[in-house]
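Line by line, the protein sequences give chains A and B.
As numbered in this note's numbering, the first sequence has no gaps in its residue numbers, which increase by one up to the final residue, 438.
As numbered in this note's numbering, the second sequence has no gaps in its residue numbers, which increase by one up to the final residue, 213.
Cβ atoms here follow ideal geometry from the backbone N, Cα and C, with glycine treated the same way.
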Amino acid sequence: VTCREFNLLLAEHGPASLPADARAHAASCAACARLLSALGAAEDPAPLDPALAAGIAGRLATGLQPVRPLPPAGYFAAAFVLLFAALAAVIGFGLGDHALVKMTPQAAAETFAPLGSAAILLALALSAAMAPAAPQHTPPLRLAATILLVLAFVFVAAFPVHAEPAFWLRAWRCLRIALAAGALSSLLIWLIARRGAILAPSSAGALAGLLGGLTGTTALQIHCPNFNGAHILAGHWAAALAGAAIGWLTGRIAARRAPA
Amino acid sequence: MRLYQQADPAAPAALVALLSPPLLRFFRFNAASREQAEDLLQETWLKIHRMRHSYRPGERVLPWVYAIAHHVRIDSYRRTRRIAAHETALDPVPEPASPSDPAGSLQFESLMAALPEAQREVVIMLKATGMTVDEVARATSSTIGAVKLKAHRAYERLRELLETPPRPKSTEDAR
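As structure tokens, this is what we get:
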């Protein structure tokens, strides 16, 4: 074991449970022994005041009520995906499935497969954010940004961009519908998510807002027969972007106003 | 923890006795004064109490508790920074070292103070709480790879600090 490998083993196992070969190296290397000894020092710089401990325990025990533990994260993830799919279908088909009937099977697959996958990933991440210490594979904000970028790329690749008259007016008409659908969906998602214990409201807000915004985007992909890539970006995809931004901002404000 | 969720009257005292000493050590080593560390400890217990329904029986308790402690520490740091931005600083009053502090403790604290915040927190969690890398990753909402990288960099830095002999106070330092 070299000094560098010793550091790696220390990072891997922690000072308390170093493997025998790393300990043997420390016995023969002054620098590593110094590092290990420094980490082993200082067992208790601040012994706990028994009165403080008794005070905390007393406050916790006062009026203690039983609580029901949170169901497994998978239940919440399934609920979020179902809510997304049900609302997108009800709104999209309710407005009329004019886009879906005009789409080729390939275009439909290219549109709805990424939207569905994004919704599943967001639902899993949001359900993980509902309990402290749930394993996270990707930081929530990075996941939200990646999903937005991938969807923008997919839409531009699947639907050619061309000029059209009254572009902004048409985009705004679609965006209004998507934003309204997104607001309703985000609200329902948040009502479920708040049953957990959210430690980072801004990133959880971004995930909930993005999932809500994607409901609006998906509903419009079912309804709106305008296949101009620029229109889809400005009128449909922008709802997801706005949802993520509003959710993040709302969570940030909520975190700042939370009592200390 | 399950008994605490079921409102067993003996559970709070047992949990507080078991978890408070390492939690206090965690806050104390993270460069907080003793008073601040005790405030953060109380705040953490209030949050643990409010969030106790989010602990799923069968899961490991330590990462769950330290995830809450990690956020309490970050929130407190942000609050302090916001307040400090609106205040005019007076001459800092040095905090007297507790006479009961052993020399090793002081050396460890000064070494930790030289580390960047994220690295310091990871080293303290690994050292003071005995959690595994995976548990620290869960507690800090991070990945195992990121925790290993932070710990490795922290140990490199600590090694450098330990190999550098203490600089004698020059007249330039005194100025």
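The residues P403, in chain order, have a CB closer than 6 Å to that of K280 of chain A in the same chain once the five nearest residues on each side in sequence are set aside. DSSP places V259 of chain A within a helical segment (H, G or I) once states are collapsed to three. Pairing F271 of chain A with I400 of chain A gives a Cβ-Cβ distance under 8 Å. Within chain A, the residues placing a beta-carbon under 9 Å from that of I106 of chain B are P310, A311, A375 and L377, ordered along the chain.
Below 8 Å, enough C-beta pairs join the stretch 378-387 of chain A and the stretch 412-424 of chain A to call them touching: three or more. At a cut-off of 4 residues, the continuous stretches assigned as alpha helix (DSSP H) that sit fully inside the stretch 181-225 of chain A are 181-191, 198-206 and 208-218.
The beta carbon of E288 of chain A sits no closer than 8 Å to any beta carbon of chain B.
DSSP places G391 of chain A in the helix class (H, G or I) of the three-state scheme. In the three-state DSSP reduction, E288 of chain A falls in the helix class (H, G or I). Listed by position along chain A, the residues whose Cβ is nearer than 8 Å to that of L149 of chain B are A216. In this structure, A349 of chain A sits away from H276 of chain A, with a CB-CB distance that is not shorter than 8 Å.
Following the DSSP letters along the chain, one finds C402 of chain A in no alpha helix (DSSP H), marked with neither H nor E. Between N185 of chain A and L199 of chain B, the alpha-carbon positions lie close to 14 Å from each other. Contact between Q43 of chain B and R90 of chain B is confirmed by a C-beta separation of about 6 Å, below the 8 Å threshold.
Closest option to M150 of chain B, judged by alpha-carbon separation, among A:L213, A:P247, A:F345 and A:R320: A:L213. Check the Cα spacing between L365 of chain A and each of A:A422, A:F333, A:A312 and A:F331: the tightest is with A:A422.
Between E190 of chain A and chain B, the shortest Cβ-Cβ separation is below 8 Å.
By the rule that beta-carbons nearer than 8 Å mark a contact, P101 of chain B touches chain A.
None of the residues of the stretch 319-347 of chain A has a beta carbon lying less than 9 Å from any beta carbon of chain B. Its Cα nearest to that of A344 of chain A, the residue A:G413 stands out among A:P310, A:V259 and A:G413.
Annotation: L278 of chain A has no Cβ neighbours in chain B at a cutoff of 8 Å; minimum Cβ distance is about 39 Å. For R430 of chain A, not one C-beta of chain B is nearer than 8 Å to its own C-beta. In this structure I121 of chain B is exposed. Its beta-carbon is surrounded by fewer than 16 other beta-carbon atoms within 10 angstroms. When A:I234, A:P250, A:A291 and A:G233 are compared, the shortest CA-CA separation from G96 of chain B is found for A:P250. Residues of chain A whose Cβ lies closer than 7 Å to the Cβ of E201 of chain B are, in chain order, A209.
The beta carbon of P197 of chain A sits no closer than 8 Å to any beta carbon of chain B. Within the stretch 326-402 of chain A, not a single complete beta strand (DSSP E) segment reaches 3 residues in length.
In the three-state DSSP reduction, D46 of chain B falls in the coil class, being neither helix nor strand. Rounded to the nearest whole angstrom, the C-alpha separation of I106 of chain B and F67 of chain B is 17 Å. In the three-state DSSP reduction, D275 of chain A falls in the coil class, being neither helix nor strand. In the three-state DSSP reduction, G241 of chain A falls in the coil class, being neither helix nor strand. The stretch 231-242 of chain A makes no contact with the stretch 255-272 of chain A: fewer than 3 CB pairs, one atom from each, lie closer than 8 Å. Taking each of A:A341, A:F337, A:A307 and A:P338 in turn and checking the Cα distance to W368 of chain A, the smallest one comes out for A:A307. In the structure shown, H91 of chain B adopts helical secondary structure according to DSSP, grouped into three states. Neighbourhood of P154 of chain B in chain A, by CB distance below 7 Å: empty, with the nearest CB roughly 15 Å away. Just measuring C-alpha positions, the residue of B:E81, B:R40 and B:I112 sitting nearest E159 of chain B is B:I112.
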